[in-house]
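Residue numbers (the working numbering), protein chains in the order written: chain C, 1 to 334; chain B, 1 to 328; chain Y, 1 to 285; chain L, 1 to 340.
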């Protein structure tokens, strides 16, 4: 059984204009549609990569899965049980199973807590174990992420380097013994030379401790190194999903093609093709129906603007793209 | 921006209404005869009955409240127990005197304080900065009645340079503002109160300006302004000071609230015929209608100045538009 | 969480705040032992050679001189210290307690709760501070409790506003989301995660509140709206002003004035040290 | 490419005096920037690349002290030029900057166009209208609509701000543009477009560019020559092709191992163990020594001096002669992670 299942999940925000604009200029209330009609499954022991540019809804998706932001429509199932409508105490209990690793290790650790307290905070807040049990578990997990407990327990975050901080962040997520870990761009603030170490650590721990992982990044080359499956999002819509190598080597959707084509390559001889897409990414405010990539897509026709062809949910592991005009796209176009 | 200003205006009116209500409640909670607030026991019987009817003092509380609100709006603020003058007439004269002194003090404070703040930040840790900070903090810690008394004792009593109080020499009642401003006696008398008010409040804009200048000077756009090859003075005034001013305006509201308090003390000390002095005198002599009216008028002054602060802020910061519509 | 040592370091990092700190400690000591230090009662008429010791300048017998009615100013000063410390301490602490909680709750929850609490704070901003105290005292009588009540009712507004702003900026930081994801409840987040981060600001405003309480009480007393039964520094100056001896009795003016200024300045100096912690940009460069 | 150097720097040192002792942020840096080339400086956070720029632009904070043997720009000796003259004739007119955080580098209270007009009019006598025409022209060059110049910075997206910053840098046709992480924090597609725009501009006008970034892929795509910076020093300096095809310095080798490429999905990445150095106190060793798997005793007691390998290829390493074999060893993860 799938660990997580998202069924037609939406998250919309309302923007109410001020009184004057409402009354005098008749500005209507507008909607930001951060995530729309998202269907997704997460299997046990897999690493699902989510790729996309800023504003594509990848962070909102994480927040919804982690139980930090409720979807405005649709259902989220965890081990077959519906969890999106949980509230209060039950929601707090549920959060234990889905832990997050955050983007910015300088921001995600409370500057007034010592390392030990940071890691112990989750178990303490939920009273998972007696204080002594928490102590040994914190020591274990710190050791597992490569920080010697005796040396680090009493330190404050500002006394640590970026890499050490991110390890503390990982420890404080894993000490909860979650079944799913969501990593939201955990490397983007770290130096290149130590990124691989964190990536290795995460991959190793996932195998050792049997959690599945959602790894979110805008950097496809990093995703290429950790994910088993890859989901590509654009302005709140899922546009392509499939096994990693297939998506990266043989992308189907025009957006995925452009995205992969735009990734810089550390090779001075390589000459990148000029992507054929135009325009800028918009904000998902009152988006028209249909494919949101259509305005920038060289292949778009009337059908694209009218309806959005969602991903097929019947076979979630299959490589597929949400595009009407897959047949019209030829390989020499990228 | 209009949305923002309109909304602040709405809040201002709500605040005004709430302050008036609080005042009503406080006066009704008064132990003893509740009619005391509008009717002096010294009045003759017939007048007392007439007043009772006019103010609805025999009616139930909610009706009294409505009458109270109606009277406020129609400027029926009652008559002084002492002089039997209409409260609104007394206030109309006193209001401008207060505003005059306040404006003088505020101008001195803001111009000098902001200027000093800029220079202090510019020459950070220089002698001016260090002395300015210490002197500013000491001024901030000195209540105005002590500064005022000190000035009176030294400059008036000992050296006799300035008159001890009042607004103009006795027996020379000016007619109109121009006449007043042409009077040398007025200028002699406004100096000490202005310095007293100014000394107490100068530290606030000065130190805030200094601190927010230092904060702004550390930001990236200042570095870029320097890299653009702009003259240091341009960087200081055009880029840093304008942004730092936002910090001062934010806290100006707080300052205004306290400034009215300082005003009361200074007016009493220098016998300045303003609302502050009136407040103290009427409260001391239990002249309730006047005390109530004065309090309301002072509240209106504070609330109005707070509103002006908000407007100034929205003018200075173009980003305000966003937060008003709730997008940012 | 950092302990007492940190505060000691903050205060001692700066010469002015160090001096201020010890002056405050001095005043506190005097306040505690006031009845044993003061040689006379506050309104005890003293006689020298059978005549009222009226308007004596400072001397060995009367270290800070006497009033026109022969009261010993030194005893008055010492006993008034206690009044001031009580007023400053009680209203400063209560007001920061109210202000901090309202600021934390409004800032953390946002939305309607924030709107209501902030409108309420706005209303208090519309109340002229000193006039409000004057009206209250004039109506209800010259009692110390009323003075404290009036100060407390108004003074928390600034701390609430400032702490709310700080709370909002902290709430948006990632470690708060992290705490939520780890299953911390709202109260735990407010008081365990946010509170320590607003603590420097909170202490800054606690000390401002104390300073403002002292100044306000002194001003009200000077205008004749203090407690008539309890001696206070402002009240001493009020008696001087009433007696009309301002021109001659410089010592009568100097003694309470110096005490007020010294104590409040010390508080301001100490709070300045916290300001540099609360506002890290001031420290850098 | 012309052979005449626009900018010539020899032995540049910058140290910050702090209460904990002097921090040697930049040590013995020498390089040339030639006419219309892109010179890349690659380095991680804290390696001193930002300090280097600040030193060149005289923007160091008061506790920063810059000493050097030569800083010569188009024949002017920048070391001795008085501040006023430097500000009027060199800054922005000849050397302009695209700062790291375009997000915060525009003053929020002024309109974007006005900020560019200000830069133009600070150096050139012209009316506001002429300056605005120039801004419109520049906006066109960087691909922004001209009517956007009356917007405030907060109305711009990240990519638009970055383009506005580039427009501002081009305003006076400077001989040298310093770009500090010009695309960091931008989306891939936006980054791609801005890089393409920069390349186009480079071809169209006769400016040289110093491009500073931690992103090796961006450096590889953009630069003619590259310097790899670590611990305040240039560890390796070479033409772009040489650096990527025959890297010599262990740090460069490690960096290449650690950097993922979308063309090698699933390839193993190897991190460099340890952390960057703190640079406080006297510098008497190779800064990379604590993290280097190939270190020898000498590395801890002496700072290696630059060794020339081939023309325009210099490295600071005692084992430069063994580069061939080290390169082989560096490919294995065991080399990096078991020696400690």
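Quick reminder that beta carbons are idealized off the backbone N, C-alpha and C, glycines included.
Among all the DSSP beta bridges, which residues are the ones paired with residue i?
i	result
residue 241 of chain Y	Its beta-bridge partners do not exist; DSSP assigns none.
residue 49 of chain C	C:215, C:230
residue 229 of chain L	L:234
residue 40 of chain L	L:211, L:226
residue 243 of chain C	C:229
residue 72 of chain Y	Y:66
residue 96 of chain L	L:177
residue 285 of chain C	C:32
Quick check on residue i: buried or exposed, where buried means 16 or more other Cβ atoms within 10 Å of its Cβ?
i	result
residue 63 of chain L	exposed
residue 102 of chain B	buried
residue 237 of chain L	buried
residue 150 of chain L	exposed
residue 77 of chain B	buried
residue 339 of chain L	With a pLDDT of only 49 at residue 339 of chain L, under 50, the local geometry of the prediction cannot be trusted, and the value read off the model is given with reservation. Looking at its Cβ environment, which holds fewer than 16 other Cβ atoms inside 10 Å, residue 339 of chain L is exposed.
residue 302 of chain C	exposed
residue 105 of chain Y	buried
residue 194 of chain C	buried
residue 33 of chain Y	exposed
residue 305 of chain L	exposed
residue 1 of chain L	Its pLDDT being 44, under 50, residue 1 of chain L is placed unreliably by the model, and the measurement read from it follows with that caveat. It is exposed - the Cβ of residue 1 of chain L has fewer than 16 other Cβ atoms within 10 Å.
residue 131 of chain L	buried
residue 140 of chain L	exposed
Can you grab the Cα-Cα spacing for the pair residue i / residue j, in whole Å?
i	j	result
residue 222 of chain L	residue 111 of chain B	52 angstroms
residue 56 of chain Y	residue 243 of chain Y	15 angstroms
residue 8 of chain Y	residue 319 of chain B	40 angstroms
residue 105 of chain C	residue 104 of chain L	21 angstroms
residue 232 of chain L	residue 214 of chain L	14 angstroms
residue 154 of chain B	residue 89 of chain L	57 angstroms
residue 97 of chain L	residue 224 of chain B	8 angstroms
residue 158 of chain L	residue 60 of chain L	27 angstroms
Can a CB atom of chain Y be found closer than 8 angstroms to the CB of residue i?
i	result
residue 166 of chain C	no
residue 153 of chain C	no
residue 36 of chain C	no
residue 213 of chain B	no
residue 93 of chain B	no
Looking at the C-beta of residue i, does it have a partner C-beta in chain L at a distance below 8 angstroms?
i	result
residue 54 of chain C	yes
residue 278 of chain C	no
residue 204 of chain C	no
For residue i, would you say it is in contact with chain C, using Cβ-to-Cβ distances shorter than 8 angstroms as the test?
i	result
residue 166 of chain Y	no
residue 171 of chain L	no
Hey, does residue i have any beta-carbon neighbour from chain B nearer than 8 angstroms?
i	result
residue 236 of chain Y	no
| Is there contact between the segment 198-216 of chain C and the segment 256-269 of chain C, where contact requires at least three CB pairs shorter than 8 angstroms? | no
| Does the pairing of the segment 65-84 of chain Y with the segment 172-191 of chain Y give three or more beta-carbon distances under 8 angstroms? | no
| Segment contact, 8 angstroms Cβ cut-off, at least three pairs: the segment 251-269 of chain B with the segment 231-242 of chain B | no
| said: If contact is defined by three or more beta carbon pairs under 8 angstroms, each pair taking one atom from either stretch, is the segment 229-245 of chain Y in contact with the segment 128-141 of chain Y? | reply: no
| query | For the 8 angstroms Cβ check, are there 3 or more pairs between the segment 311-321 of chain L and the segment 228-244 of chain L? | reply | yes
| message | With three or more C-beta pairs closer than 8 angstroms as the rule, is the segment 268-279 of chain C touching the segment 4-14 of chain B? | response | no
| message | Does the segment 130-147 of chain B come into contact with the segment 155-163 of chain B, if we say contact requires no fewer than three beta-carbon pairs (one atom in each stretch) closer than 8 angstroms? | response | no
| Validate contact between the segment 266-276 of chain Y and the segment 195-211 of chain Y using beta carbons, cut 8 angstroms, 3 pairs | yes
| field | Segment contact, 8 angstroms Cβ cut-off, at least three pairs: the segment 32-45 of chain C with the segment 59-71 of chain C | value | yes
| message | Across the segment 287-297 of chain B and the segment 73-90 of chain B, are there enough close Cβ pairs to call them in contact, namely three or more that are closer than 8 angstroms? | response | yes
| Three or more C-beta pairs closer than 8 angstroms, one from the segment 138-154 of chain Y and one from the segment 85-96 of chain Y: is that the case here? | yes
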